[in-house]
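Peer 1:
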Amino acid sequence: MSASLVHTQSWIQFDVSGLAEQFWNNTVDGLAQGGIYALIALGYTLVYGVLKLINFAHSEVFVVGAFATWITFYLLGFRSGATPDLSVIEIIGFLAIACIAAMAVSGATAVALERVAYRPLRNRNAPRLVFLITAIGASFAIQQTLKLIFGLNQQPQIRLLQPEPLFKIFGAQVTNIHVILFVAAVLLWFIADYFVNKTRLGRGIRAVAQDPDTATLMGVNKERVIIVTFLVGGLLAGAAAMFYMMRIPQGAIYNGGFLLGIKAFTAAVLGGIGNLRGALLGGFILGLVENYGQSLFGGEWKDIVAFVVLVIVLMFRPTGILGESLGKARV
Amino acid sequence: MLAAAAALAMSACAARDEGGSSGENTASAAAPSQAANAANPAGDGKAVCSGVSLAYAGTINGASAALGQNILRGADLAVKQHNQANPNCQVTLKQFDTEGKPDKAPGIVTQVINTPDIIGVIGLPFSGESKAAGNLFNQAGLVTISPSATNPALADNGWKTFFRGMGNDAVQGPAAAKFLTGTLKANKVCVIEDDSDYGVGLASQVTQALGAKASCTDKVKTGQTDFSAVVNKISTESPDAVFYAGYYPEAGPFAQQLNDKGVTAKFVGPDGVKDAEFVKGAGSGANNAYFTCPCVPEDAFKDFTAAFKQTEGADPGTYSPEGYDVTTILLKGIDSGIKDRAALLNFVKTYNGQGLTKKFQWNDKGELSDTPVWSYRVENGKIVNNGQIS
C-alpha cells in the first residue's frame, strides 16, 4: 500500500504492487474509456478504408456531437450542479433524445465537411497530400468556430445519470456507466460491421474501397458511397460523444476532441486502419494499456505508454494487429 | 446576486474565525477591509503625460483563460479610473495574448518589448511562461509585475525586471500544508501535480512541508479528462485529503471523478484551481473542495467590487485585486512624470506603499515581505472566504 511512498521525486517508477492492486479497477475503467476510443476510431477507419484519407477533422466531428449533447441537456431544462433525480424511463428517454441529436449534428457535420472540404478537391483530382492538409485545416476551422461561439472554458457539467456501483469483478467496482459504455461500444461496432458486411450499401462501400474505378463500372455510385461513409462515421462519432459525456460531463470544450482524436486514430492504426474489428480491438487495448501504464510508471506516462505500444506493434505488424481489410475480399 | 449580498453581509458581522471546526462554519470568515490609505489609481487628477502605454501580457484566449481575464479586468479598471480622473494623462493598456503557453510567450514578449511606448508590463500570470520569457524582459530593461506567477525559482534568475504582487509557492506550499494538517486535520495526503512549472514547483513545496504525511503522489497532464488510473490509486490509498497542484480545467473533472469513486477525502486546490469555472466543472465534487491562495478575498473591498462590476461587467475573481494593485503602482510611476522604461523600473524597485490587498515593498529579488495566504471553500456553489492561514 505504501509502495508508492518512495517515488516522490523520481522521474519514473515501477510500482508493480500498485499495478497488481489496481489491476481490475484499471481494467474496468480502461474498457470504458477504450469503448469511446473504439467508437471514434470507427469513423477514422471507415473513411480511410474508402478514400485512403486520414480525416483529421473527425475529432471535431466528435466534439460537435459533445456540444450537441450538452445543448440538448440544456434545452431540456437541465443545469449544472448535482445530478437530478429522474426515473429510469426518464433517463433513458432524455439520453435517447441527446443521442439522436448528437448523432444528427455530428452526421451532418461530417457530410458537410465532405461536401465543402473534400469533394471539390476530388473533382479536381488533387494529390493525396492536399486532402491531408485540408483535413487539418478543416479541423482548425471547426475548432476555432466552436471557440468563437462557446468561449474558452468547458461548458458547465450537466449529468443525468449518476454513476452507481452495480457489482464487483475481482474486487473492482463496476458502475452502470462502465457497463453502458462497454455495451454501447460493442453494440454500435456490431451494427456498423453488419452494415458494412451484410447490406447493399455496405457492399458498395467495400467495392469502392477495393477498387473505385471498377466499382463505378459495375454501377456503384461512388459519390453516394463516399457520402454514406462520412455519414456513418459521423453518426458513430455523435453517439460516441453522447456516451463520452456520460463518463466525462466536462467534455464540451472547443479543443476537447484533439487528444481524443489522436488517441482514437492511434487505436485505429493499432488494430489495423481500414478494419472495423481492428478499431474495436485497438480502442480497448489502448484504453487498458494507458491505465496499466499509469499505475506502473506513474500518471505522466499515460500518453507515452500508448504511443510506445503503437510503435512496438507496428514494428512487428506494420498494418496493425488485425491488418487492413475493409477493401480486401473476406470470407 | 442576492446570495452574494447575503454572504457579504454575513461576513461583515462574523467573528474572525481562523480555521476552527475544520472549516465547517456556515458564514464566511472575515475578510480584510479596504485600507484607507490604499493607493488609488485616480491620484490627484493633475497628472500630465502623453504617449506612454502599459501592457498586459498573459493568457486572454488560451489555456486557463479565466485566470488571465480576472487580472486583465483588474488592470483595465485601474487604467480606466486613472484616465477618467486625469484628463491630461491618458494611458493606454495594450493587451497581448500569450495563451499561457511557455512556447508561445517568448514571441509575444518580443512584440511587447519592440513596442517603444510600453514602459511597464502587468504579467506574466503563469510560472511556466514567466520562466520562458523572463530573461527577454530583463535584457530589455522593461519592468514586469506578475500578479499571479508563484513559482519560487522565478526570483532566483537574477532578473532585475521581475517583481510579483503576492507571496510565492515557498509561502503558499507550507501554508497549504499547515491548512491540510491543522485545519482539515489530515494525516494522509495525496499530492497530485500537473505537468506545468507551477504545478511541479508547488507540489514539491507542499510535499516537503507535509513530510511523512504526504503519503502518496502522482502526476497528471494538462488537457487530461479521464483520471481513472489516478483515482483508482487514490482510492486504494484512502487518504484524508487530496492536494491538487495545477489549474482548474483539469481539477474540475478530477474532483468529480474522485467523488464518483466514493473517495471522501477533502479536495484542496491552490490559486490555479480557485475559480468559479472549477465549481461548474466539478459538479457535486466541488462540495468537498477547499482552496489555498496567496490572493486576498475581495469580499470587503466594497468600492473596488462595485466599480469592478460596473466597469467590467463581471464579478472580480482570483487575483483581480492584485492585478488592480500592481497596475496602480505602475500608473503612480507614470503620474510622477516618468516617461521611460529605466525610470519606471527604478520607481518600482524603490516603491513602498499600501495597496488594496497588502503593503507593497520589494526586496532585491522582486519578492514582497508582506505575503498573506488565505483559504477558501465552496458553499452553495460559490467560492467563499474560509479565513487567513498565513
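Line by line, the protein sequences are chains A and B.
Each residue of the first sequence is one higher than the last, beginning at 1 in my numbering.
Each residue of the second sequence is one higher than the last, beginning at 332 in my numbering.
Each residue gets a CB set at the ideal place from its N, CA and C atoms; glycine is no exception.
In this text the structure is predicted, and so the values were computed from the model without any measurement.
(1) Looking at C-beta atoms only, is the number of pairs between the segment 674-693 of chain B and the segment 428-441 of chain B that lie closer than 8 Å three or more?
(2) Closer than 8 Å by C-beta to T302(A): which residues in its own chain qualify, once you throw out the five before and the five after it? Chain order, please.
(3) Could you tell me whether the segment 394-404 of chain B touches the segment 571-589 of chain B, where touching means 3 or more Cβ pairs closer than 8 Å?
(4) Is the beta carbon of C632(B) less than 8 Å from the beta carbon of Q365(B)?
(5) Could you give the first and the last residue of the continuous alpha helix (DSSP H) run that contains G204(A)?
(6) Can you say whether E223(A) is buried or exposed, counting buried as having 16 or more other CB atoms within 10 angstroms of its CB?
(7) Using the beta-carbon count (16 or more within 10 Å), is L217(A) buried or exposed?
(8) Going by beta carbon distance, what residues of the same chain come within less than 7 Å of G732(B), once the five residues before and after it are set aside?
(9) Could you spell out the range, first to last residue, of the alpha helix (DSSP H) harbouring I312(A)?
(10) Based on the DSSP output, what are the partners of L699(B) in its beta bridges?
(11) Taking the beta strand (DSSP E) that C521(B) belongs to, which residues open and close that run?
(12) Note down, in chain order, each residue of its chain lying with its Cβ closer than 7 Å to the Cβ of I71(A), except the 5 sequence neighbours on either side.
(13) Residues of the segment 133-163 of chain A in Cβ contact with chain B at a cutoff of 7 Å, in chain order, please.
(14) Please report whether the beta-carbon of Q470(B) lies at a distance below 8 Å from any beta-carbon of chain A.
(15) Quick check on N356(B): does DSSP put it in helix, strand or coil?
(16) Of the choices A506(B), Q555(B), A388(B), F678(B), whose alpha-carbon is the least far from that of I720(B)?
(17) Which residue from E608(B), G399(B), V474(B), N590(B) puts its Cα closest to that of F427(B)?
(18) A267(A): buried (16+ other C-beta within 10 angstroms of its C-beta) or exposed?
(19) Out of G465(B), E460(B), V502(B), point me to the one whose CA is closest to S527(B)'s CA.
(20) Taking 8 Å as the CB-CB cut-off, is N488(B) touching chain A?
(21) Look up Q415(B) in the DSSP assignment and say whether it is helix, strand or coil.
(22) Could you check the C-alpha separation between D557(B) and Q421(B) for me, to the nearest Å?
(23) Give a yes or no on whether the minimum CB-CB distance between K302(A) and chain B is below 8 Å.
(24) So which residues on chain B does I285(A) lean against when the C-beta distance must stay under 7 Å?
(25) Is the beta carbon of F73(A) closer than 8 Å to that of A98(A)?
(26) Between which two residues does the beta strand (DSSP E) carrying E164(A) extend?
(27) Chain A beta carbons: is any one of them nearer than 8 Å to that of D549(B)?
(28) Helix, strand or coil for A70(A), going by three-state DSSP, please let me know.
(29) What does a CB cutoff of less than 6 Å around V225(A) pick up in its chain, not counting 5 residues either side in sequence?
(30) Would you check if the distance between the CB atom of G554(B) and the CB atom of S458(B) is smaller than 8 Å?
(31) How is V715(B) classed by DSSP in three states: helix, strand or coil?
(32) Classify K462(B) as buried or exposed, calling it buried when 16 or more other Cβ atoms lie within 10 Å of its own Cβ.
(33) Output needed in chain order: residues of the segment 587-603 of chain B with a Cβ under 9 Å from some Cβ in chain A.
(34) Would you say S559(B) faces chain A, with C-beta separation under 8 Å as the test?
(35) Opposite W24(A) in the DSSP bridges: which residues?
(36) For C624(B) and I714(B), what's the separation of their Cα atoms in angstroms?
Peer 2: For this structure:
(1) No: the two stretches stay apart, fewer than three of their Cβ pairs being nearer than 8 Å.
(2) Strictly speaking, residue 302(A) in this sequence is Lys, with Thr absent from that position. If we look at K302(A) and ignore the five residues flanking it on each side, its Cβ neighbours are E290, G293, Q294.
(3) Contact between the segment 394-404 of chain B and the segment 571-589 of chain B is present, because at least three Cβ pairs lie under 8 Å.
(4) In the sequence as presented, Cys is not what sits at residue 632(B); that position holds Phe. Contact flag set, yes.
(5) DSSP places G204(A) in the uninterrupted alpha helix (DSSP H) bounded by 200-210.
(6) Under a 10 Å Cβ-count criterion, E223(A) is classified as exposed, with fewer than 16 other Cβ atoms of the shown protein chains found around its own Cβ.
(7) Classified as exposed, L217(A) has fewer than 16 neighbouring CB atoms from the shown chains inside 10 Å of its CB.
(8) A query on residue 732(B) cannot be resolved here, the shown segment of chain B reaching from 332 to 721 and no further.
(9) 302-316 is the extent of the alpha helix (DSSP H) around I312(A).
(10) According to DSSP, which records beta bridges pairwise, L699(B) is partnered with W693(B).
(11) Its beta strand (DSSP E) spans residues 520-524.
(12) Once the five neighbours on either side are set aside, I71(A) has no close Cβ partner at all.
(13) Cβ contacts with chain B come from L152, N153, Q154, P156, Q157, R159, P163.
(14) Taking Cβ atoms only, chain A never reaches closer than 8 Å to Q470(B), which makes this a no.
(15) The predicted position of N356(B) is uncertain, since its pLDDT is 44 and thus under 50; a value taken from the coordinates is nonetheless stated next. Three-state result, N356(B): coil.
(16) Closest by alpha carbon: A506(B).
(17) With respect to the C-alpha of F427(B), the residue from E608(B), G399(B), V474(B), N590(B) having the closest C-alpha is G399(B).
(18) Within a 10 Å sphere around the beta-carbon of A267(A) sit 16 or more other beta-carbons, which makes this residue buried.
(19) E460(B) is the residue among G465(B), E460(B), V502(B) whose C-alpha sits nearest the C-alpha of S527(B).
(20) For N488(B), the answer is no, since every Cβ of chain A falls outside 8 Å of its Cβ.
(21) In the three-state reduction of the DSSP assignment, Q415(B) falls in the helix class.
(22) Computed Cα separation, rounded: 49 Å.
(23) Closer than 8 Å: yes.
(24) Per Cβ cutoff of 7 Å: no residues; I285(A) is ~15 Å from chain B at best.
(25) Closer than 8 Å, so yes.
(26) Taken as a continuous stretch (DSSP letters only), E164(A) belongs to no beta strand (DSSP E), as it is neither H nor E.
(27) So, interface residue.
(28) Looking at the sequence shown, residue 70(A) is not Ala but Trp. Here W70(A) sits in helix by DSSP.
(29) G204, I205, V208, listed in sequence order.
(30) With contacts defined by Cβ atoms closer than 8 Å, G554(B) and S458(B) do not form a contacting pair.
(31) It is a strand residue.
(32) Buried is the call here.
(33) Closer than 9 Å at the C-beta level to chain A, one finds these residues of the segment 587-603 of chain B: Q587, Q588, D591, K592, G593.
(34) Put simply, the CB of S559(B) is near chain A, with a gap under 8 Å to one of its CB atoms.
(35) According to DSSP, W24(A) bridges with nothing at all.
(36) Their Cα atoms are separated by approximately 12 Å.
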